[in-house]
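Novice: One structure, pasted below without further comment.
There are 2 protein chains.
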Amino acid sequence: MIHPDLATLLSFLTTDAKVEAGFLARALKAAVDDSFNMLTIDGDTSTNDMVSIMANGRADNDMITARNGRMFREALNRVCRYLACSIAADGEGATRLIEVYVDGAKSRSQARKVARLIAASALVKAAVHGNDPNWGRVVAVLGRSGADMDEGKLDVYLQGEQVMRSGSPLAFDKDKLSRRMKADTVSIKVCLNIGTGIAIAWGCDLSQEYVTINSDYTT
Amino acid sequence: MIHPDLATLLSFLTTDAKVEAGFLARALKAAVDDSFNMLTIDGDTSTNDMVSIMANGRADNDMITARNGRMFREALNRVCRYLACSIAADGEGATRLIEVYVDGAKSRSQARKVARLIAASALVKAAVHGNDPNWGRVVAVLGRSGADMDEGKLDVYLQGEQVMRSGSPLAFDKDKLSRRMKADTVSIKVCLNIGTGIAIAWGCDLSQEYVTINSDYTT
Chain X
0 MIHPDLATLL
10 SFLTTDAKVE
20 AGFLARALKA
30 AVDDSFNMLT
40 IDGDTSTNDM
50 VSIMANGRAD
60 NDMITARNGR
70 MFREALNRVC
80 RYLACSIAAD
90 GEGATRLIEV
100 YVDGAKSRSQ
110 ARKVARLIAA
120 SALVKAAVHG
130 NDPNWGRVVA
140 VLGRSGADMD
150 EGKLDVYLQG
160 EQVMRSGSPL
170 AFDKDKLSRR
180 MKADTVSIKV
190 CLNIGTGIAI
200 AWGCDLSQEY
210 VTINSDYTT
Chain F
0 MIHPDLATLL
10 SFLTTDAKVE
20 AGFLARALKA
30 AVDDSFNMLT
40 IDGDTSTNDM
50 VSIMANGRAD
60 NDMITARNGR
70 MFREALNRVC
80 RYLACSIAAD
90 GEGATRLIEV
100 YVDGAKSRSQ
110 ARKVARLIAA
120 SALVKAAVHG
130 NDPNWGRVVA
140 VLGRSGADMD
150 EGKLDVYLQG
160 EQVMRSGSPL
170 AFDKDKLSRR
180 MKADTVSIKV
190 CLNIGTGIAI
200 AWGCDLSQEY
210 VTINSDYTT
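Following this line, the structure appears as structure tokens:
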């Protein structure tokens, strides 16, 4: 670290389970890829984030390996997602969690990219802060993402309500949807319908408080 | 356009000069690359920005071509930079212009990437808004940029004052520098000192007003 200001994420996971080391490392990497690495507060990645896991074997169970490790992997995924969501909801000045679900992308990597870009968009984050069901901003992110897409196949949902079908905007009760967006978690779902790539990303809204925290803290 | 919300930039340049068409197109592309394309307000690229130039030849001058077009090119560059800076300074809720100068990068493309990332960083933008000479946030962007660098060679300047030399922070009068940052334009200069890549990017500070404009405008 070169300056005590930097946001730094240090995550320590521990378990009493007896787990084969190679499997544990791979399971952690997979879990982190779909949780911490899909998290964005303000796009300013810290240069020194870290997630570690330690297993001391005290539970004296049969060794968990790739062969019998399905439940362990699922539990680890769940813990990592819970922690990632908690970080997003706890973002500086955040008032709600944004969950972006993307499916039907051409590839997993394209789905991940699109989900993260939407969750990181300042305009999308500000719209969520203002309970504004502004699907135009979501679609604009798709447009600049570089992801493969067919406009005529695009479905978009806000807080579970479909606002675009096959690329055409649907009529919806804006006031009602805006009221439903005043929840702790706001969900944005984009179905590209051209492939099998799926990803979920998490972020938080952009508030005046975020600016205040990050501009005035020294004064 | 799919929604009237989208920020959209339409720039029309006109001149009476008689200019050879191919040269004019190339000169515009080069000028736009170093001006409009180095501009960032909030990272949310519109999907339908445009810059066009028209030359009607009324000045009845000798045809301007690549061979004699140096002055025309410089004038065009100047106009484009002036317009780009005006857009940044006029950003939603912006109270000042940020000019990021990067030199000594390994390549021009790396210099461009670093300059744009610094100008786009929410944390850097918020720090500028709070007149906070927070070089740590600038250096953190370098760290995540993926650009080639040698920490021991890094020089950083804020508003003309050197705050880091050869990778080591320098002592400076924080209150005084903070006061000097209350100018219309805040300059950030990063010298990587490992190559010849140079770039300038422009952005604006991130204010509470930006959030208000982009979250509350529908209510």
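Which chain is which? The protein sequence lines are X and F, in order.
Terminal number for the first sequence in numbering that gives the first Met the number 0: 218, no gaps in between.
Terminal number for the second sequence in numbering that gives the first Met the number 0: 218, no gaps in between.
All C-beta atoms in this analysis are idealised placements derived from N, C-alpha and C, irrespective of residue type, glycine included.
When the cut-off is 8 Å and only beta carbons count, does serine 214 (chain X) lie next to chain F?
Specialist: Against the first sequence, residue 214 (chain X) aligns to sequence position 215. Output row for serine 214 (chain X): interface = yes.
Novice: Use the C-beta contact count for glycine 68 (chain F): other C-beta atoms within 10 angstroms, 16 or more gives buried, fewer gives exposed.
Specialist: To locate residue 68 (chain F), count along the second sequence from 1; it is residue 69. Flag for glycine 68 (chain F) reads buried.
Novice: Quick check on asparagine 105 (chain F): does DSSP put it in helix, strand or coil?
Specialist: One-based indexing of the second sequence puts residue 105 (chain F) at position 106. Correcting the residue type first, residue 105 (chain F) is lysine in the shown sequence and not asparagine. In this structure, lysine 105 (chain F) counts as coil in the three-state DSSP scheme.
Novice: List the residues of chain F whose Cβ lies closer than 9 Å to the Cβ of arginine 143 (chain X), in chain order.
Specialist: Mapped onto the first sequence, residue 143 (chain X) falls at position 144. Ordered by position in chain F, the residues that pass the 9 Å Cβ test against arginine 143 (chain X) are Asp43, Thr44, Ser45 and Thr46.
Novice: Straight-line CA distance for glycine 166 (chain X) to glycine 142 (chain X)?
Specialist: Counted from its first residue, the first sequence places residue 166 (chain X) at position 167. Counted from its first residue, the first sequence places residue 142 (chain X) at position 143. Going from the Cα of glycine 166 (chain X) to the Cα of glycine 142 (chain X) covers about 12 Å.
Novice: Less than 8 Å between the C-beta atoms of aspartate 174 (chain F) and threonine 94 (chain F), yes or no?
Specialist: Taking the first residue of the second sequence as 1, we reach residue 174 (chain F) at position 175. Taking the first residue of the second sequence as 1, we reach residue 94 (chain F) at position 95. Not closer than 8 Å, so no.
Novice: What does the alpha-carbon distance come out to for the pair arginine 178 (chain F) and leucine 169 (chain F)?
Specialist: To locate residue 178 (chain F), count along the second sequence from 1; it is residue 179. To locate residue 169 (chain F), count along the second sequence from 1; it is residue 170. The alpha-carbon atoms of arginine 178 (chain F) and leucine 169 (chain F) are separated by roughly 18 Å.
Novice: Distance check for phenylalanine 71 (chain X) and valine 18 (chain X), CA to CA, integer angstroms please.
Specialist: Taking the first residue of the first sequence as 1, we reach residue 18 (chain X) at position 19. Taking the first residue of the first sequence as 1, we reach residue 71 (chain X) at position 72. Valine 18 (chain X) and phenylalanine 71 (chain X): Cα-Cα distance of roughly 9 Å.
Novice: Under three-state DSSP, which class holds methionine 37 (chain X)?
Specialist: Working through the first sequence from its first residue, we reach residue 37 (chain X) at position 38. Helix.
Novice: DSSP has threonine 184 (chain F) in a bridge; who is on the other side?
Specialist: Here residue 184 (chain F) is taken as the residue at index 185 of the second sequence, counted from 1. Beta-bridge pairing links threonine 184 (chain F) to F:Leu96.
Novice: Mind listing the chain F neighbours of serine 206 (chain X)? Cutoff is C-beta to C-beta under 7 Å, in chain order.
Specialist: The residue you call residue 206 (chain X) lines up with position 207 of the first sequence. Ordered by position in chain F, the residues that pass the 7 Å Cβ test against serine 206 (chain X) are Val210.
Novice: With 16 as the cutoff for other CB atoms within 10 Å, does methionine 37 (chain X) come out buried or exposed?
Specialist: To locate residue 37 (chain X), count along the first sequence from 1; it is residue 38. By the 10 Å Cβ count, methionine 37 (chain X) comes out buried.
Novice: Residues of chain C with CB closer than 7 Å to the CB of alanine 125 (chain F), please, in chain order.
Specialist: The chain labelled as chain C is not found among the protein chains of the depicted structure, namely X and F.
Novice: Could you give the C-beta distance for aspartate 48 (chain X) and leucine 122 (chain F), rounded to a whole number, given that I count them as a contact under 8 Å?
Specialist: Position 49 of the first sequence holds residue 48 (chain X). Position 123 of the second sequence holds residue 122 (chain F). So it is not a contact: roughly 15 Å between Cβ atoms.
Novice: Measuring only the C-alpha atoms, how far is aspartate 154 (chain F) from aspartate 59 (chain F)?
Specialist: If you number the second sequence from 1, residue 154 (chain F) lands on position 155. If you number the second sequence from 1, residue 59 (chain F) lands on position 60. Each residue's alpha carbon lies about 49 Å from the other.
Novice: Where does glycine 202 (chain F) fall in DSSP's three states?
Specialist: Walking along the second sequence from the start, residue 202 (chain F) turns up at place 203. Here glycine 202 (chain F) sits in strand by DSSP.
Novice: For arginine 25 (chain F) and alanine 200 (chain F), I'd like the C-alpha separation in whole angstroms.
Specialist: Position 26 of the second sequence, counting from 1, holds the residue named residue 25 (chain F). Position 201 of the second sequence, counting from 1, holds the residue named residue 200 (chain F). Roughly 21 Å between the two C-alpha positions.
Novice: Are the C-beta atoms of aspartate 131 (chain X) and some chain F residue less than 8 Å apart?
Specialist: Position 132 of the first sequence, counted from the first residue, corresponds to residue 131 (chain X). So yes, aspartate 131 (chain X) belongs to the interface.
Novice: Comparing the C-beta of alanine 139 (chain F) with each C-beta of chain X, is any distance below 8 Å?
Specialist: Residue numbering aside, residue 139 (chain F) sits at position 140 when the second sequence is read from its first letter. Output row for alanine 139 (chain F): interface = yes.
Novice: Counting along the chain, where does the beta strand (DSSP E) carrying alanine 54 (chain X) start and finish?
Specialist: The residue given as residue 54 (chain X) occupies position 55 in the first sequence. Element bounds for alanine 54 (chain X): 49-54.
Novice: Note down, in chain order, all residues in the stretch 106-122 of chain X with a beta-carbon under 7 Å from any beta-carbon belonging to chain F.
Specialist: Within the stretch 106-122 of chain X, the residues whose Cβ lies closer than 7 Å to some Cβ of chain F are Ser120, Ala121 and Leu122, listed in chain order.
Novice: Could you compute how far the alpha carbon of arginine 115 (chain F) sits from the alpha carbon of alanine 16 (chain X)?
Specialist: What you label residue 115 (chain F) is simply residue 116 of the second sequence in a count that begins at 1. What you label residue 16 (chain X) is simply residue 17 of the first sequence in a count that begins at 1. Their backbone Cα atoms lie some 47 Å apart in a straight line.
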